[in-house]
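Quick note on numbering that gives the first Met the number 0: the sequence shown kicks off at 0 and runs consecutively. We treat Cβ as the ideally placed atom computed from N, Cα and C, and that holds for glycine. Inspection log for the structure reproduced underneath, given as structure tokens.
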Amino acid sequence: MAELLHTQIRITGMGCASCVGRVEGALRATPGVCSAEVNFATKTADITYETSFDEILDALNTAGYPAATRQIRLDIDGMTCASCVKRIERILQASLGVSDVAVNLATKSATVTFAEGVTEAAMLAKTLTEAGYPARPQAEDGADHNCKIDEFAEMRRATVFAAMLALPVFVLEMGGHIIPAFHHWVHSTIGLQTSYLIQFALASALLVGPGRVFYAKGIPSLLRGAPDMNALVALGTGAAYLYSVLATFAPQVLPQGTANVYFEAAAVIVVLILLGRLMEARAKGRTGAAIRKLAGLQPKTARVERDGTTQDQPIAEIIVGDIIQIRPGERVPVDGNVLDGTSYVDESMITGEPIPIGKAKNDPVVGGTVNGTGALRIRATHVGSDTVLAQVVRLVEQAQGAKLPIQTLVDRITYYFVPAVICVALLTVAAWLIFGPAPALPLALVAGVSVLIIACPCAMGLATPTSIMVGTGRAAELGVLFRKGDALQQLQQAKVIALDKTGTLTLGRPELEEVTTTDGFDRAEVLRLAAAAEARSEHPIATAITRAGPDILPDVKEFNSLTGLGLRAQVEGHSVLIGSDRLMVQTGIDLGSLRPDAQIRAAQGATPIYVAIDGQAAAALTVSDPIKPGTPEALTRLHEMGVTLAMVTGDNAQTAQALADKLGIDHVTAEVLPEGKVDAIEMLQTRFGTLAFVGDGINDAPALARADIGVAIGTGTDVAIETADVVLMSGDLRGVANAVEISQRTMRNIRQNLGWAFGYNTLLIPVAAGALYPLGGYLLSPALAAGAMALSSVFVVSNALRLRRIRTSVPAASDNSLRREAVA
Numbered sequence: 000m001a002e003l004l005h006t007q008i009r010i011t012g013m014g015c016a017s018c019v020g021r022v023e024g025a026l027r028a029t030p031g032v033c034s035a036e037v038n039f040a041t042k043t044a045d046i047t048y049e050t051s052f053d054e055i056l057d058a059l060n061t062a063g064y065p066a067a068t069r070q071i072r073l074d075i076d077g078m079t080c081a082s083c084v085k086r087i088e089r090i091l092q093a094s095l096g097v098s099d100v101a102v103n104l105a106t107k108s109a110t111v112t113f114a115e116g117v118t119e120a121a122m123l124a125k126t127l128t129e130a131g132y133p134a135r136p137q138a139e140d141g142a143d144h145n146c147k148i149d150e151f152a153e154m155r156r157a158t159v160f161a162a163m164l165a166l167p168v169f170v171l172e173m174g175g176h177i178i179p180a181f182h183h184w185v186h187s188t189i190g191l192q193t194s195y196l197i198q199f200a201l202a203s204a205l206l207v208g209p210g211r212v213f214y215a216k217g218i219p220s221l222l223r224g225a226p227d228m229n230a231l232v233a234l235g236t237g238a239a240y241l242y243s244v245l246a247t248f249a250p251q252v253l254p255q256g257t258a259n260v261y262f263e264a265a266a267v268i269v270v271l272i273l274l275g276r277l278m279e280a281r282a283k284g285r286t287g288a289a290i291r292k293l294a295g296l297q298p299k300t301a302r303v304e305r306d307g308t309t310q311d312q313p314i315a316e317i318i319v320g321d322i323i324q325i326r327p328g329e330r331v332p333v334d335g336n337v338l339d340g341t342s343y344v345d346e347s348m349i350t351g352e353p354i355p356i357g358k359a360k361n362d363p364v365v366g367g368t369v370n371g372t373g374a375l376r377i378r379a380t381h382v383g384s385d386t387v388l389a390q391v392v393r394l395v396e397q398a399q400g401a402k403l404p405i406q407t408l409v410d411r412i413t414y415y416f417v418p419a420v421i422c423v424a425l426l427t428v429a430a431w432l433i434f435g436p437a438p439a440l441p442l443a444l445v446a447g448v449s450v451l452i453i454a455c456p457c458a459m460g461l462a463t464p465t466s467i468m469v470g471t472g473r474a475a476e477l478g479v480l481f482r483k484g485d486a487l488q489q490l491q492q493a494k495v496i497a498l499d500k501t502g503t504l505t506l507g508r509p510e511l512e513e514v515t516t517t518d519g520f521d522r523a524e525v526l527r528l529a530a531a532a533e534a535r536s537e538h539p540i541a542t543a544i545t546r547a548g549p550d551i552l553p554d555v556k557e558f559n560s561l562t563g564l565g566l567r568a569q570v571e572g573h574s575v576l577i578g579s580d581r582l583m584v585q586t587g588i589d590l591g592s593l594r595p596d597a598q599i600r601a602a603q604g605a606t607p608i609y610v611a612i613d614g615q616a617a618a619a620l621t622v623s624d625p626i627k628p629g630t631p632e633a634l635t636r637l638h639e640m641g642v643t644l645a646m647v648t649g650d651n652a653q654t655a656q657a658l659a660d661k662l663g664i665d666h667v668t669a670e671v672l673p674e675g676k677v678d679a680i681e682m683l684q685t686r687f688g689t690l691a692f693v694g695d696g697i698n699d700a701p702a703l704a705r706a707d708i709g710v711a712i713g714t715g716t717d718v719a720i721e722t723a724d725v726v727l728m729s730g731d732l733r734g735v736a737n738a739v740e741i742s743q744r745t746m747r748n749i750r751q752n753l754g755w756a757f758g759y760n761t762l763l764i765p766v767a768a769g770a771l772y773p774l775g776g777y778l779l780s781p782a783l784a785a786g787a788m789a790l791s792s793v794f795v796v797s798n799a800l801r802l803r804r805i806r807t808s809v810p811a812a813s814d815n816s817l818r819r820e821a822v823a
């Protein structure tokens, strides 16, 4: 009989007491659940079960009451190579309540999602620690950065000390091979045996001191049956060292002529691998430069008005509603709205745009941006973790810790790679002992140790995460946030990019251009009634009509929005109908002479809106939405990348086609209702393949969710767009081209890294095993193998760092007033 388990979890979605019965029913109906008691007050469920916990979570999700989840990050020590990644993931995934795990070798961290109440961060860290990977919940940014600085300094000291111990060993043993006279001098002065004893003493100190880390982690991993990179180093250096000890103190136990020492190989291997790790750590430290730069943008204090006085307050003590003074040249401390003053603010750290944005009363400002020459007073609207800067940092951290689909395959390979290398090393030794020339034993030892050392899969494990860290960090500096990890890989696969029209291709602020009335209707009166009716609507076209109307508008009764068509309202006793020609046809309104002129304007890209009053066609309102600056350039760049462009809009077909012809858009789907956009996207996916949809993230939420990659155009402050995979902090469409280019170049960089890492191991393992020996007696030295292995990892990280130099066409606004409106 299976063991009965008991746990308590938090439940979401329960709105009333009747939900208790539904949740309990769903739980009790799950096979293996013995009892379930739900508490509505605490929103928790006590469950006794003997089934898989995942089945319980699935049952709750199916019932519509998912378990509350929490996401934490763990810093992990002892994770040295790619095989560790898969092992740590399996340990965490086996922990009760854990639903998702992403381990990142580059940051030596794990992002874990788990059901609240079932486990906690400290328990997960303890589980990993007991498995041989000391872990702790991630510290605050500053403390974590200081900790990494201390670790780097300690690693540097260990490397220097190891080099000081190894140098005499190398000189004593290899000096005679380089300069024969030196070999004779050693023989005639200290003697060969004394030389061996000195090498033994120094090599022992090195392995017990700086090299101890490889044995402390590698041997336990061997005993657990889960060898890692440390195990390979421990086996290789340990074999060379023990063989040398025998040759020094008991040469008689070895075959005649094989009593050679390899202390220098063990010592130099440790030094080179430590040096490689030091260089790798230094390079990896630079991969996180972007996020540290973002995190460091917020000032430490702010000038706050309280109780009639102005005083400097720590940022942590600022609350929503505080009034803050910002002097010229200072950074804005928190998000807020301007109360007094005018200035220009540099928002390039958020949007990637270099041109400062004008700010006046009621305009929003973002924490971390730089004030220009004017003084501002602002009221804090978002503080702490709610600020835009904090959200950006959080999104970049999530993206950097993400695992791309390509990495899953790499992890699966590397998980089995180290055990396979040990088997290859054993087969290599056996082959040399059986088929090798005399003296076979030392040759077998050299070949076996070289195979163990050169095959460490560090480069494989670093190939993907380092590129992701640098690529997403650089993207954030350019105002592109990859909210979901796989979007970085998918975006470069996009065959077609579909774009919304209003607010995406255009400024999203239409203006009323012309009012044409029919006989018997006064222009001013029609506009007054139409503006009053449209004032109840939030549609951009409605706003344009309202702005064109008088300041004082009559009252509106019985307002009714007709989705995708227009509106109907009662204004001063008149029945007012406003909308598209489809609405007029459906309601039997004869447009008469209004239609021809409106069709001409529609062919030119304007949008005709018809007004009917008391059942008669009264006027045609011509509204146009200016194309955003930079849109033609962005679409040209996307075409050059080989992407098909499509427009999906609810606007008039003639208007949409006219705009498409002007911008060179390949495919147009117009006059679709909001739900019709999803159908249009599915049709485009069927026809072209992988599709990215670009919209504003609010009205286009269903389309963003249905697309393979949803790209939401932010407005400088709107970063938490849940349905989007990618968020552009600027409203400029050149950000879309930048995002595609970053995706393409990052994935190209990952493929380069993986090609190098796998090619390196594929080619050099046979060389290390002695494949070239029959061709001229070439046998790879273990020390050279260690150097090559270390340099391989450094190459991968250095190649990833090239992504920091990505230079795209940074969006630049040609009209600052328009940019200010977009941000506002």
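Could you check how far apart the C-beta atoms of Q264 and A239 are, in whole angstroms? I think they sit under 8 Å.
Along the sequence shown, read from residue 1 onward, the residue named residue 264 stands at position 265. Along the sequence shown, read from residue 1 onward, the residue named residue 239 stands at position 240. Per the sequence shown, the amino acid found at residue 264 is Ala instead of Gln. Contact holds; Cβ gap of about 5 Å.
Write down the C-beta distance between D74 and R135 rounded to the nearest angstrom, noting that I regard them as a contact closer than 8 Å.
Looking up residue 74 in the sequence shown gives position 75. Looking up residue 135 in the sequence shown gives position 136. Rounded, the Cβ-Cβ distance is 5 Å, consistent with contact.
Looking only at its chain, what residues have a beta carbon closer than 6 Å to the beta carbon of G320, apart from the 5 residues adjacent to it on each side?
Translated into the one-based positions of the sequence shown, residue 320 becomes position 321. Nothing meets the Cβ criterion.
Can you find at least 3 beta carbon pairs, one from the stretch 763 to 778 and one from the stretch 433 to 452, that sit closer than 8 Å?
yes
I believe P332 touches I323 by the beta-carbon criterion, under 8 Å. Please report the beta-carbon distance rounded to the nearest angstrom.
For this step, residue 332 is matched to residue 333 along the sequence shown. For this step, residue 323 is matched to residue 324 along the sequence shown. Right, the Cβ-Cβ distance comes to about 6 Å (below 8 Å), so this counts as a contact.
Counting pairs of Cβ atoms below 8 Å between the stretch 534 to 554 and the stretch 728 to 736, do you hit three or more?
no
Rounded to whole angstroms, what's the CA-CA distance from I8 to L634? Just pull it up for me.
Position 9 of the sequence shown, counted from the start, is the residue given in the question as residue 8. Position 635 of the sequence shown, counted from the start, is the residue given in the question as residue 634. Looking at the two C-alpha atoms, the distance is approximately 50 Å.
Considering only C-alpha positions, which residue in the set A280, E670, L201, K661 is nearest to A243?
Against the sequence shown, residue 243 aligns to sequence position 244. A quick correction: the sequence has Ser, not Ala, at residue 243. Measuring from the Cα of S243, the nearest candidate turns out to be L201.
Taking its Cβ as the centre, do 16 or more other Cβ atoms sit within 10 Å of H5, making it buried, or is it exposed?
Position 6 of the sequence shown, counted from the start, is the residue given in the question as residue 5. By the neighbour-count rule (16 or more Cβ atoms within 10 Å), H5 is not buried but exposed.
Using only the alpha-carbon positions, how far apart do Y415 and A424 sit?
As a first step, residue 415 must be located in the sequence shown, where it is residue number 416. As a first step, residue 424 must be located in the sequence shown, where it is residue number 425. Near 15 Å, if we compare the C-alpha coordinates of A424 and Y415.
Quick one: which unbroken beta strand (DSSP E) runs of 3-plus residues sit fully inside the stretch 591 to 624? Chain order, please.
606 to 612, 615 to 623
Unbroken alpha helix (DSSP H) runs of length 4 or more, entirely within the stretch 652 to 728: which are they?
652 to 662, 673 to 687, 700 to 705
Between the Cα of G614 and the Cα atoms of S51, L582, V575, which residue gives the shortest distance?
The residue you call residue 614 lines up with position 615 of the sequence shown. When only C-alpha atoms are compared, the closest one is V575.
Burial state of T825 (16 or more Cβ within 10 Å):
Outside the modelled stretch of the chain, which goes from 0 to 823, sits residue 825, for which no answer is possible.
Buried or exposed: which applies to R747, given that a residue is buried once 16 or more other Cβ atoms fall within 10 Å of its Cβ?
Taking the sequence shown and counting its residues from 1, one reaches residue 747 at position 748. With fewer than 16 other Cβ atoms within 10 Å, it is exposed.
Might you give, ordered along the chain, the residues of its own chain that have their beta carbon closer than 7 Å to the beta carbon of R302, omitting 5 neighbours on each side?
Taking the first residue of the sequence shown as 1, we reach residue 302 at position 303. Within the same chain, R302 has close Cβ partners T309, D311, I323, Q324.
Alpha-carbon spacing of D339 relative to K358, whole angstroms:
Numbered from 1 along the sequence shown, position 340 holds the residue referred to as residue 339. Numbered from 1 along the sequence shown, position 359 holds the residue referred to as residue 358. So the alpha carbons of these two residues sit roughly 10 Å apart.
Determine, using beta carbons only, whether A443 and V428 come nearer to each other than 8 Å.
Residue numbering aside, residue 443 sits at position 444 when the sequence shown is read from its first letter. Residue numbering aside, residue 428 sits at position 429 when the sequence shown is read from its first letter. Yes, the pair counts as a contact, with Cβ atoms nearer than the cut-off.
Extent of the continuous alpha helix (DSSP H) run through F520:
Here residue 520 corresponds to residue number 521 of the sequence shown, with the count starting at 1. F520 -> no alpha helix (DSSP H), and no H or E assigned at all.
Please determine, among A458, L221, G20, the residue with the shortest C-alpha to C-alpha distance to F757.
Taking the sequence shown and counting its residues from 1, one reaches residue 757 at position 758. If we check each option's Cα against that of F757, A458 comes out closest.
Proximal residues to R581 (C-beta, below 8 Å), its chain only, five neighbours per side dropped
In the sequence shown, counting from the first residue as 1, residue 581 sits at position 582. Result list for R581: L564, E670, in chain order.
8 Å contact criterion, which G604 and A657 should meet: CB distance rounded:
The sequence position of residue 604 within the sequence shown is 605, counting from 1. The sequence position of residue 657 within the sequence shown is 658, counting from 1. That pair is a contact at about 4 Å.
According to the Cβ coordinates, are F160 and F199 closer than 8 Å?
Position 161 of the sequence shown, counted from the start, is the residue given in the question as residue 160. Position 200 of the sequence shown, counted from the start, is the residue given in the question as residue 199. No, the pair does not count as a contact, with Cβ atoms beyond the cut-off.
Between the alpha carbons of H573 and I544, how many angstroms are there, rounded?
Taking the sequence shown and counting its residues from 1, the one referred to as residue 573 is at position 574. Taking the sequence shown and counting its residues from 1, the one referred to as residue 544 is at position 545. Cα to Cα, the separation comes out at about 18 Å.
Mind checking which residues open and close the alpha helix (DSSP H) that includes K125?
Numbered from its first residue, the sequence shown carries residue 125 at position 126. Start and end: 120 to 129.
Return the residue from the list P549, I218, D362 that minimises the CA-CA distance to E376.
For the purposes of this step, residue 376 is taken as the residue at position 377 of the sequence shown. At residue 376 the sequence reads Arg, which differs from the Glu that was named. Of P549, I218, D362, the residue nearest in Cα terms is D362.
Cross-strand partners of I496 (DSSP beta bridge)
Counting from 1 along the sequence shown, the entry for residue 496 is found at position 497. In the DSSP output, where bridge partners are listed per residue, I496 has L644, A691.
Residue environment, N559, which counts as buried when at least 16 other CB atoms sit within 10 Å
Against the sequence shown, residue 559 aligns to sequence position 560. Classification for N559: exposed.
Alpha carbon of R330 to alpha carbon of T50, nearest angstrom
Indexing the sequence shown from 1 puts residue 330 at position 331. Indexing the sequence shown from 1 puts residue 50 at position 51. Approximately 55 Å between the Cα atoms of the pair.
To the nearest angstrom, how far is it from the Cα of L526 to the Cα of G548?
As a first step, residue 526 is located in the sequence shown; it is residue number 527 there, counting from the start. As a first step, residue 548 is located in the sequence shown; it is residue number 549 there, counting from the start. Computed Cα separation, rounded: 6 Å.
What is the rounded straight-line gap between the Cα of L222 and the Cα of Y759?
Position 223 of the sequence shown, counted from the start, is the residue given in the question as residue 222. Position 760 of the sequence shown, counted from the start, is the residue given in the question as residue 759. The straight-line gap from Cα to Cα measures roughly 28 Å.
Between which two residues does the beta strand (DSSP E) holding N336 run?
Here residue 336 refers to the residue found at position 337 when the sequence shown is read from its first residue. Taken as a continuous stretch (DSSP letters only), the beta strand (DSSP E) holding N336 covers 334 to 339.
According to DSSP, simplified to helix, strand and coil, what is E36?
To locate residue 36, count along the sequence shown from 1; it is residue 37. Reduced to three states, the DSSP call for E36 is strand.
Please report the residue range of the beta strand (DSSP E) in which R302 lies.
Start at 1 with the first residue of the sequence shown, and residue 302 comes out as number 303. Unbroken beta strand (DSSP E) run through R302: 300 to 305.
Tell me the DSSP secondary structure of G502 in three-state form.
For the purposes of this step, residue 502 is taken as the residue at position 503 of the sequence shown. G502: helix per DSSP, three-state reduction.
Using C-beta distances below 8 Å, list every residue in its chain close to G141, excluding the 5 sequence neighbours before and after it, in chain order.
Position 142 of the sequence shown, counted from the first residue, corresponds to residue 141. Since pLDDT at G141 reaches only 46, below the 50 mark, its modelled position is unreliable, and the value read off the structure follows with that caveat. Counting only Cβ-Cβ distances below 8 Å, and skipping sequence neighbours, we find nothing.
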